[in-house]
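So the structure is just underneath, and the comments pick up after that.
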Amino acid sequence: MDAKEIETKAKALTKAAAADEPTSTMIGMLKELQTGVRASESLLRSTRIGIIVNKLKTSKTPEVARLASEIVSRWRTEVNKQKQAGGSAASRASSSPRPAQNGSTGASTPAGTTPTDKTSKLSVPPDKRTWKADKVDTNVTTSKVRDSCIGLMYDGLCLGSTESPKDVLKKAISVEGAAYDALGPDTKEAYRTKMRSLFQNLKNKNNVSLRKRVLEGDIKPDYFIRMTSDELRSDAQREADEKIKKMNMNNAMVAQGEKSISTSLQCGKCGQRKVTYTEAQTRAADEPMTLFCTCLNCGKSWKQ
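Sequential numbering from 1 applies to the sequence shown in UniProt numbering.
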């Protein structure tokens with residue numbers, strides 16, 4: 001399919017989903033896209049078909065949700081392969097040895113070293129890692145905003161980790177890609193807000209387990225970007241919050257000192273004689289106590 005035909009299919013699919021058309025109709029449309037679309041990042045972005053199909057992953061119909069997930073996964077794999085192939089070609093071109101002036105071949109890299117070795121070894125302490133310190137290239141899309149978000153994810157994931165820069169970058173790209181598919185395009189505030197939120201949770205020094213689980217694949221990117229603020233917190237944070245909640249509850253249950261009610265005191269605002277008061281010695285010991293009064297009728301407070 002060309003871009004124009006895909007755009008037509010995208011509109012039809014959107015209308016079908018909104019109209020809650022029969023499952024067979026939705027399945028048929030998705031299968032046409034599955035077999036007819038040769039995915040590329042520019043094609044998916046220009047037609048927005050990736051975003052539309054990705055939304056169907058949450059369909060109430062299991063068959064539609066499963067097929068949509070398969071299609072999105074396949075397209076993402078194809079786009080990533082294209083990026084890797086392009087990056088490898090660029091690396092080979094930039095690292096090709098130049099002939100020396102005497103006609104011999106001058107080696108630009110040590111023997112046995114490949115361009116990817118630089119992203120397979122740590123060059124800084126784990127607690128000092130960033131994408132800049134690790135010297136990785138986060139320019140993997142044509143969008144500055146997306147590339148910046150990939151850098152954010154890298155900085156959050158690499159902190160304190162001994163995983164190779166290559167593996168951290170791969171995971172950062174996967175997380176950003178999942179967020180873009182679900183919340184994009186990159187001009188939307190929802191996408192940017194989610195990226196900032198995930199970064200803040202990842203870089204939290206008290207939430208090491210979150211970084212580790214994402215890096216090791218215990219938390220998949222598609223699930224990670226949908227986690228609530230409570231799910232993102234560490235066990236220690238939840239325990240601390242629970243202690244505060246219990247303390248506030250206990251304080252609220254402490255018996256309060258009873259206030260006396262007087263019918264001899266009169267409110268200067270409404271004239272009623274339904275007044276509560278407490279006494280306190282605010283002056284010298286040989287002087288009378290101060291009354292702190294509150295009208296039960298209008299709420300006016302005063303002291304005398």
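Yeah, the Cβ is synthetic: ideal placement off N, Cα and C, and Gly gets one too.
- request: Tell me, please, which residues DSSP counts as bridged to residue 351.
  value: Here the chain has residues from 1 to 304 only, and residue 351 is not among them.
N- and C-terminal bounds of the alpha helix (DSSP H) containing residue 10: Element bounds for residue 10: 3-18.
- prompt: So residue 10 packs on residue 49, CB below 8 angstroms; how close in whole Å?
  reply: Right, the Cβ-Cβ distance comes to about 5 angstroms (below 8 angstroms), so this counts as a contact.
message: Quick check: the Cα distance between residue 214 and residue 7, rounded to an integer number of angstroms?
response: Cα to Cα, the separation comes out at about 34 angstroms.
field: DSSP-derived helix/strand/coil call for residue 173
entry: DSSP, reduced to helix, strand and coil, places residue 173 within a helical segment of the structure shown.
- prompt: By Cβ distance, which residues of its chain are closer than 6 angstroms to residue 5, with the 5 residues on each side in sequence left out?
  reply: So the list is empty, once near-sequence residues are dropped.
field: DSSP bridge partner residues for residue 261 (one or two, in chain order)
entry: The partner list for residue 261 (beta bridge, DSSP) reads 276.
- request: Put residue 221 into one of helix, strand or coil per three-state DSSP.
  value: Three-state result, residue 221: helix.
message: Measuring CB atoms only, is the segment 10-27 touching the segment 42-59, in the sense that at least three cross pairs come out at less than 8 angstroms?
response: These segments touch.
message: Does residue 107 pass the burial test, meaning 16 or more other C-beta atoms within 10 Å, or should it be called exposed?
response: In this prediction, residue 107 has a pLDDT of 36, which is less than 50 and means its spatial position is unreliable; nothing more can be read from the coordinates.
DSSP state of residue 151 mapped onto helix, strand, coil: Three-state DSSP puts residue 151 in a helix.
message: Quick check on residue 266: does DSSP put it in helix, strand or coil?
response: Here residue 266 sits in coil by DSSP.
Euclidean distance between Cα positions of residue 74 and residue 248: If I take the Cα positions, the gap works out to 51 angstroms.
task: Report yes or no: do the segment 158-177 and the segment 26-46 share at least 3 C-beta pairs separated by less than 8 angstroms?
output: No, the segment 158-177 is not in contact with the segment 26-46.
- request: Count the other C-beta atoms from every protein chain shown that fall within 10 angstroms of the C-beta of residue 223, then say buried if there are 16 or more, exposed otherwise.
  value: Exposed.
task: May I have a chain-ordered list of the alpha helix (DSSP H) segments no shorter than 4 residues that lie completely inside the segment 31-80?
output: Counting only runs of 4 or more, we get 41-47 and 49-55.
field: Option in 134, 132 and 150 with minimal Cα separation from residue 140
entry: Per the Cα distances, 150.
message: Here's the rule: buried if 16 or more other CB atoms are within 10 angstroms of the residue's CB, otherwise exposed. What is residue 24?
response: The residue in question, residue 24, is exposed, as its Cβ has fewer than 16 Cβ neighbours within 10 Å.
- prompt: Terminal residues of the continuous alpha helix (DSSP H) containing residue 138?
  reply: Note, residue 138: premise wrong, no alpha helix (DSSP H); not H, not E.
field: Presumed contact (8 angstroms Cβ cut-off) between residue 202 and residue 211, rounded CB distance
entry: Rounded, the Cβ-Cβ distance is 6 angstroms, consistent with contact.
Own chain partners of residue 296 with C-beta closer than 8 angstroms, once the 5 adjacent residues on each side are dropped: So the list reads 261, 272, 274, 275 and 276, once near-sequence residues are dropped.
- request: Classify residue 195 as helix, strand or coil using the three-state DSSP reduction.
  value: Three-state DSSP puts residue 195 in a helix.
field: Simplified DSSP assignment, three categories, for residue 24
entry: Three-state DSSP puts residue 24 in a helix.
- prompt: With respect to the alpha helix (DSSP H) encompassing residue 209, which residues constitute its N-terminal and C-terminal limits?
  reply: DSSP places residue 209 inside the alpha helix (DSSP H), whose first and last residues are 208-215.
query: Roughly how many whole angstroms lie between the Cα atoms of residue 289 and residue 281?
result: So the two alpha carbons sit approximately 5 angstroms from each other.
task: With DSSP as the reference, label residue 146 as helix, strand or coil.
output: Residue 146 falls in the helix class under three-state DSSP.
- prompt: Looking only at its own chain, which residues have a Cβ that is under 8 angstroms from the Cβ of residue 209, when we skip the five neighbours before and after it?
  reply: Result list for residue 209: 234 and 235, in chain order.
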